[in-house]
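This note's numbering applies: residue 1 is where the sequence shown begins, and numbers increase by one.
Working notes for the structure below.
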Amino acid sequence: MDNKIDSEQLTDTGGLKIQTRQAWVAETVELLSSMRFAISLLTLIAIASVIGTVLLQNKPMPDYVNQFGPFWFDIFNKLSLYSVYSAWWFLLIMTFLVLSTSLCLIRNAPKMLKDMRSWRDNVREQSLRNFHHRSEWHSSNARTQVISSILAHLGRVGYRYKVVEKDGASLIAAKQGAANKWGYIFAHSAIVIICVGGLLDSDLPIRFQQWFMGKVPFEGSGVIAKIPEQHRLSLANPSFRGNTMIPEGASSSTAILPQATGVLIQDLPFTIKLKKFTIDFYSTGMPKLFASDVEVTDHETGKSFSSTIKVNDPLIYKGIAVYQSSFEDGGSRLKLKAYPMSGASAETFDLAGEVGGATPLKMASGTDYSIEWSGFRLFNVENMARNGSDVRAVNANQGFNQQFSANLDKHLGSAAKNANNKDLKNVGPSLQYKLRDKTGQAREFHNYMQSVLIDGDYMILAGTRDSPSEDFRYLRIPADDEDTVKEWMRLRAAVNNPELRELAAQRYAKRALPPNLANAGQVQLQLTESARKSLSIFAGDAQQAGFVSISKFLEQIPVAEQTKAADVFMKILNGSMWDLWMVAREKDSLPVLELDEKHARFLQSATAAISDSYFYGAPVFLQLTGFDEIKASVLQVTRSPGKKVVYLGCLFLVMGVFSMFYIRERRLWIWIRDDGIGAHVLMALSSQRKTLDFEKEFEQLKIHLRQLTTRSGQETQADNRANAA
Numbered sequence: 001m002d003n004k005i006d007s008e009q010l011t012d013t014g015g016l017k018i019q020t021r022q023a024w025v026a027e028t029v030e031l032l033s034s035m036r037f038a039i040s041l042l043t044l045i046a047i048a049s050v051i052g053t054v055l056l057q058n059k060p061m062p063d064y065v066n067q068f069g070p071f072w073f074d075i076f077n078k079l080s081l082y083s084v085y086s087a088w089w090f091l092l093i094m095t096f097l098v099l100s101t102s103l104c105l106i107r108n109a110p111k112m113l114k115d116m117r118s119w120r121d122n123v124r125e126q127s128l129r130n131f132h133h134r135s136e137w138h139s140s141n142a143r144t145q146v147i148s149s150i151l152a153h154l155g156r157v158g159y160r161y162k163v164v165e166k167d168g169a170s171l172i173a174a175k176q177g178a179a180n181k182w183g184y185i186f187a188h189s190a191i192v193i194i195c196v197g198g199l200l201d202s203d204l205p206i207r208f209q210q211w212f213m214g215k216v217p218f219e220g221s222g223v224i225a226k227i228p229e230q231h232r233l234s235l236a237n238p239s240f241r242g243n244t245m246i247p248e249g250a251s252s253s254t255a256i257l258p259q260a261t262g263v264l265i266q267d268l269p270f271t272i273k274l275k276k277f278t279i280d281f282y283s284t285g286m287p288k289l290f291a292s293d294v295e296v297t298d299h300e301t302g303k304s305f306s307s308t309i310k311v312n313d314p315l316i317y318k319g320i321a322v323y324q325s326s327f328e329d330g331g332s333r334l335k336l337k338a339y340p341m342s343g344a345s346a347e348t349f350d351l352a353g354e355v356g357g358a359t360p361l362k363m364a365s366g367t368d369y370s371i372e373w374s375g376f377r378l379f380n381v382e383n384m385a386r387n388g389s390d391v392r393a394v395n396a397n398q399g400f401n402q403q404f405s406a407n408l409d410k411h412l413g414s415a416a417k418n419a420n421n422k423d424l425k426n427v428g429p430s431l432q433y434k435l436r437d438k439t440g441q442a443r444e445f446h447n448y449m450q451s452v453l454i455d456g457d458y459m460i461l462a463g464t465r466d467s468p469s470e471d472f473r474y475l476r477i478p479a480d481d482e483d484t485v486k487e488w489m490r491l492r493a494a495v496n497n498p499e500l501r502e503l504a505a506q507r508y509a510k511r512a513l514p515p516n517l518a519n520a521g522q523v524q525l526q527l528t529e530s531a532r533k534s535l536s537i538f539a540g541d542a543q544q545a546g547f548v549s550i551s552k553f554l555e556q557i558p559v560a561e562q563t564k565a566a567d568v569f570m571k572i573l574n575g576s577m578w579d580l581w582m583v584a585r586e587k588d589s590l591p592v593l594e595l596d597e598k599h600a601r602f603l604q605s606a607t608a609a610i611s612d613s614y615f616y617g618a619p620v621f622l623q624l625t626g627f628d629e630i631k632a633s634v635l636q637v638t639r640s641p642g643k644k645v646v647y648l649g650c651l652f653l654v655m656g657v658f659s660m661f662y663i664r665e666r667r668l669w670i671w672i673r674d675d676g677i678g679a680h681v682l683m684a685l686s687s688q689r690k691t692l693d694f695e696k697e698f699e700q701l702k703i704h705l706r707q708l709t710t711r712s713g714q715e716t717q718a719d720n721r722a723n724a725a
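This is the structure we're talking about:
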């Protein structure tokens, strides 16, 4: 007896566990296939896509450190925001979306297909009376005649129908627009197909090779052909997207795939040789067309063919698409002249470099530098509007009093922002390079070769910035009568020469001395001392110089007298700077210039530029004097097996949306029974979407059917013959 009870208890317990497990599985499937779960996943994907669009993906990690700082860089890196579309959490969301949509299709598609085939002819007269859109009337015609009239009209308006005899009455079940259900199936299938295509084109295959096949990014530098095998991807790699840069006359058989900590090398089944790179410009200097004339050599057959790759006109060969992405410098050879930016010397020396290479720079002071030539551009289109701000100066406005701020605002500050007026012009070639000291610290520079007209004066622009995350700030060096920087460099060196400053102070005192002055000797000594002090303060020292030094000096004067003292100081400084310039020219055996408006404007701009130059941050200024341009084409190389899959998904999506929005399903039931003196007709119409068109259709159908069924037999027959004809 006890054994029997125990057995029953075990059976009940086991059945309860099975029921609990089944209920848990059913609830899980219900959640995964629910609309709210799918919408939540789509929301997360949308947010991730916004992040991936705003934040440039797969850039070198130092760029992100410079952009966000160490704290936020580490947080964003842990969230994998620098490679959103290949992050584990993004792929997991995509997987769950495919799973959710697939479960939803599996659960609902069979029901929908069954419902499309169903006539729903199991209704009763009483149930039809519960419909909101219903109508009933009496016809004096026989039931068969009424049925014949109704079926003829339904056929004319596009309804499919079925007649069922039940309970001594006839039921006409009709339907139209049942293909609306296909819209749901196509739309949900499209989501699955597009996601699968996206996963095929993602770097999931590359991740798989890194996880299970020992592939690791290459973090060093060297010749691509000598990079070890663990950093290279084989020809069998099903999906990739990389770049290759080919200078004119050179060739490449690999693509570079940037990764978070380095690069992977993708071998190609062919070699691309760039025969010629062609670029065409608009009158403003903006690129209008660029294309690459290439020769492709197949590694397997050894055969070659020529092709031209243009923007939006790629080369497709062996399942690999080669797009024209951009263009870069391919190692242009440069000739430069170096001008010292400190000390009393103005002696120059020549330099040569090649873009992509480095040149050692040894200074007389014993400090060694390395110049890394990072870029050369033959065309530069800038906004030269008078009040625009594409022309920039070094921001040296630190600690200035208000007396000098107004004077300096037109020389200082970034001009790349808030430009409302557009005056785009090509300002000629420019050079970009980094100056690295022996400790490894680098500062970046961007110098224009030709002078640029700014506010009526020609300036030579010398840009500088401390890190790649900053915008360039430009020092405006006024161009002299020969459109060079020689006169400015001569004046800059003279400012730092005490002997020339002394001569200039004496000459200024003689020139500024009023005629027929009783105590001329004493006044001349006072003017000489004032000019000597003005030039000395402006020349400054290693800590501060220029207008900053003058500002510090004026702060020692009582506030009430600062404005007057500043006016006197600047008048003496401007006058003595002219004499200093002329003394420097005489020293170099050059004639004295005439003090006219043109040279006065030059001197004013030169004084401001000398003050700014203390913030330039380089021992020399490099002026580009010649170049031999070598262009390089940047090609994007991709293998996208999921592209056609995505296209198929897009086609399904269009079909689905069209079906759901433009095909309306309507169900019509007409119950006809004999009532002794004719037939009684009960009509009901139903639709998933109650629109104004549906209301209008119901009214028209009700009126037409009522008229057809209440007419005499002869009229009906005549009408049918007319319709048949």
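Even for Gly, the Cβ is constructed at its ideal location relative to N, Cα and C.
Please state the DSSP three-state secondary structure of residue i.
{"i": "V381", "result": "strand"}
{"i": "K215", "result": "coil"}
{"i": "H299", "result": "coil"}
{"i": "G440", "result": "coil"}
{"i": "E697", "result": "helix"}
{"i": "L603", "result": "helix"}
{"i": "E597", "result": "helix"}
{"i": "I557", "result": "coil"}
{"i": "P314", "result": "coil"}
{"i": "G331", "result": "coil"}
{"i": "G413", "result": "Reliability of the predicted coordinates at G413 is poor, the pLDDT of 32 falling under 50, and no value is obtained from them."}
{"i": "Q57", "result": "coil"}
{"i": "I677", "result": "coil"}
{"i": "F400", "result": "With a pLDDT of only 31 at F400, under 50, the local geometry of the prediction cannot be trusted, and the value read off the model is given with reservation. Three-state DSSP puts F400 in coil, outside helix and strand."}
{"i": "G155", "result": "helix"}
Note the first and the last residue of the continuous beta strand (DSSP E) segment covering residue i.
{"i": "H138", "result": "R134 to S139"}
{"i": "V452", "result": "V452 to I454"}
{"i": "N243", "result": "F240 to P247"}
{"i": "L199", "result": "Taken as a continuous stretch (DSSP letters only), L199 belongs to no beta strand (DSSP E), being part of the alpha helix (DSSP H) at N180 to D201."}
{"i": "S306", "result": "S304 to K310"}
{"i": "P62", "result": "That residue, P62, is in no beta strand (DSSP E); its alpha helix (DSSP H) goes M61 to K78."}
{"i": "T271", "result": "G262 to F281"}
{"i": "N426", "result": "L424 to N426"}
{"i": "Q623", "result": "V620 to D628"}
{"i": "F349", "result": "F349 to E354"}
Please go through the same chain and pick out, in chain order, the residues whose beta-carbon is closer than 8 Å to the beta-carbon of residue i, but skip the five residues on each side of it.
{"i": "I147", "result": "V163, S170, I172 and I672"}
{"i": "N496", "result": "S342, G343, A344 and A539"}
Got a sec, what are the start and stop residues for the alpha helix (DSSP H) residue i sits in?
{"i": "T53", "result": "M35 to V54"}
{"i": "V657", "result": "K643 to Y662"}
Is it right to say residue i is buried, meaning 16 or more other beta carbons lie within 10 angstroms of its own, or is it exposed?
{"i": "F621", "result": "buried"}
{"i": "K571", "result": "exposed"}
{"i": "I150", "result": "buried"}
{"i": "N387", "result": "Note on N387: pLDDT 39, under 50, position unreliable in the model; the coordinate value appears next. By the 10 Å Cβ count, N387 comes out exposed."}
{"i": "N122", "result": "exposed"}
{"i": "L315", "result": "buried"}
{"i": "W24", "result": "exposed"}
{"i": "L233", "result": "buried"}
{"i": "M35", "result": "exposed"}
{"i": "H729", "result": "Residue coverage of the chain in this structure runs from 1 to 725, which leaves residue 729 outside it and unanswerable."}
{"i": "F404", "result": "The predicted model places F404 with a pLDDT of 34, which falls under 50 and marks its position as unreliable; any figure quoted below should be read in that light. Counting Cβ neighbours within 10 Å, F404 comes out buried, since at least 16 surround it."}
Sorted by chain position, which residues of the same chain lie with C-beta nearer than 6 Å to residue i's C-beta, five sequence neighbours on each side aside?
{"i": "Q259", "result": "P217"}
{"i": "A174", "result": "L154, Y159, Y161 and L668"}
{"i": "S304", "result": "E295 and T297"}
{"i": "L685", "result": "H133, L668 and F698"}
{"i": "T101", "result": "H188, I191 and V192"}
{"i": "E444", "result": "K434 and R465"}
{"i": "R490", "result": "A346 and A584"}
In its own chain, which residues sit with a C-beta less than 7 Å from the C-beta of residue i, not counting the 5 before and 5 after it?
{"i": "F327", "result": "F277, I279, F290, K631, A632, S633 and V634"}
{"i": "L200", "result": "S239, P641, G642 and V645"}
{"i": "V427", "result": "N380, E382, Y448, Q450 and V452"}
Whole beta strand (DSSP E) runs in the stretch 458–536 with 3 or more residues, listed along the chain? The qualifying runs are 473–478.
Entirely within the stretch 81–145 and at least 3 residues each: give me those beta strand (DSSP E) ranges in chain order. Correct list: 134–139.
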